[in-house]
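Chemist: Let me begin by handing over the structure; questions about it come next.
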Amino acid sequence: NQEVIKKRLQMIEAECTSQIDRFNLIFRATELETQQLLKEKHSYLQLTTIPLAQVFQNSIPRWQQKATQRNHTLKVILPPNMPTVVSDPIMLDQVLGNLIENFSRNLPPGSLMQVEVMLAGSQLKLQLKSDSNMSGKSHSPFTSCTKTPFKSIGPLLMFQPETGNLSLNLKVTKNLFQAMGGKLVVRQRPTKGEIMTIFLPVQ
1 NQEVIKKRLQ MIEAECTSQI DRFNLIFRAT ELETQQLLKE KHSYLQLTTI PLAQVFQNSI
61 PRWQQKATQR NHTLKVILPP NMPTVVSDPI MLDQVLGNLI ENFSRNLPPG SLMQVEVMLA
121 GSQLKLQLKS DSNMSGKSHS PFTSCTKTPF KSIGPLLMFQ PETGNLSLNL KVTKNLFQAM
181 GGKLVVRQRP TKGEIMTIFL PVQ
C-alpha cells in the first residue's frame with residue numbers, strides 16, 4: 001500500500017529531523033556548560049527581542065506533528081495579545097521543541113497535552129502539562145523515582161535504553177533557560193505526572 005509506505009517514510013524523516021535537532025541542542029548545551037566551568041560569558045547566545053506570535057506560528061505545527069505521531073492530542077492556549085520576549089530565537093525554538101518532545105515521549109498513548117501561555121507581571125508564563133492518569137504508566141527523565149528507565153550519562157545527558165532516546169537532564173535544561181534570561185520550574189503531581197512551567201522576560 002503506497003499510502004502506508006508514504007506515511008512510514010514521513011515518520012522516519014520526522015524522526016531523523018528530531019534526532020538532528022536534538023544533537024544540535026546537546027552540542028549547544030555542552031558549549032554552555034563548558035563556558036560556565038571556565039566562567040566565561042555566553043557569547044554565542046544571540047539575545048534579542050522576539051515577537052512571540054511568530055515563535056508560536058512557526059513552532060506549533062511541529063509540536064502538533066510530534067504529538068500526533070505518538071497518538072496524543074496537543075491543545076495550545078494563547079493570550080489574545082502576544083507580547084515580545086527577550087531571548088535567543090534559535091535556542092528558544094530548539095529548547096521548547098525538545099522539552100515538548102521529551103514530555104510527549106513519556107505519556108501513555110492517547111494522552112491530552114496542554115500548552116498554556118499567559119502573562120504573569122513582567123514575565124511570560126508557559127505551562128506544559130497533561131491531564132492523563134499517569135499512575136504507573138509513565139516515567140520522566142526529570143523524576144527522582146528510582147524505577148525510572150532513564151540512565152544518567154555523564155553530567156549532561158539521560159539515556160532511555162528501551163528506545164535509544166538521549167535527552168538533556170533537568171539541571172542542564174534549567175541552565176539553558178537561565179542563559180536565555182528565563183527559568184524552568186518542574187513540579188510533580190501525584191498520579192497526574194509533571195507540570196513544567198517556563199518563565200521568560202517580557203520586553
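Sequential numbering from 1 applies to the sequence shown in my numbering.
Every residue, glycine too, gets a C-beta built ideally from N, C-alpha and C.
Quantities reported herein were computed from a predicted structural model and do not represent experimental measurements.
(1) Find the nearest neighbour of T210 within the set M118, R105 and L99, judged by alpha-carbon distance.
(2) Mapping the DSSP letters down to three states, classify P201 as helix, strand or coil.
(3) What three-state label does DSSP hand S59 in the structure shown?
(4) Under the rule that 16 or more other beta-carbon atoms within 10 Å means buried, what is K66, buried or exposed?
(5) Are Q127 and T84 close, meaning C-beta to C-beta below 8 Å?
(6) By the 10 Å Cβ neighbour count, where 16 or more other Cβ atoms means buried, how is G121 classified, buried or exposed?
(7) Below 8 Å CB to CB, which residues in the same chain sit around P109 once its five sequence neighbours on both sides are set aside?
(8) Would you decide whether S87 is buried or exposed? Buried here means 16 or more other CB atoms lie within 10 Å of its CB.
(9) Where does the unbroken beta strand (DSSP E) through P51 begin, and where does it stop?
(10) Throw me the rounded Cβ distance for the I195 and K129 pair, which I believe falls under 8 Å.
(11) Among M180, M118 and Q64, which one has its Cα closest to the Cα of P79?
(12) Mind checking which residues open and close the beta strand (DSSP E) that includes R189?
Modeler: Put simply:
(1) The structure shown has nothing for residue 210, since the chain only spans 1 to 203.
(2) strand
(3) helix
(4) buried
(5) no
(6) exposed
(7) R70, N71 and H72
(8) buried
(9) T48 to P51
(10) 5 Å
(11) M118
(12) K183 to R189
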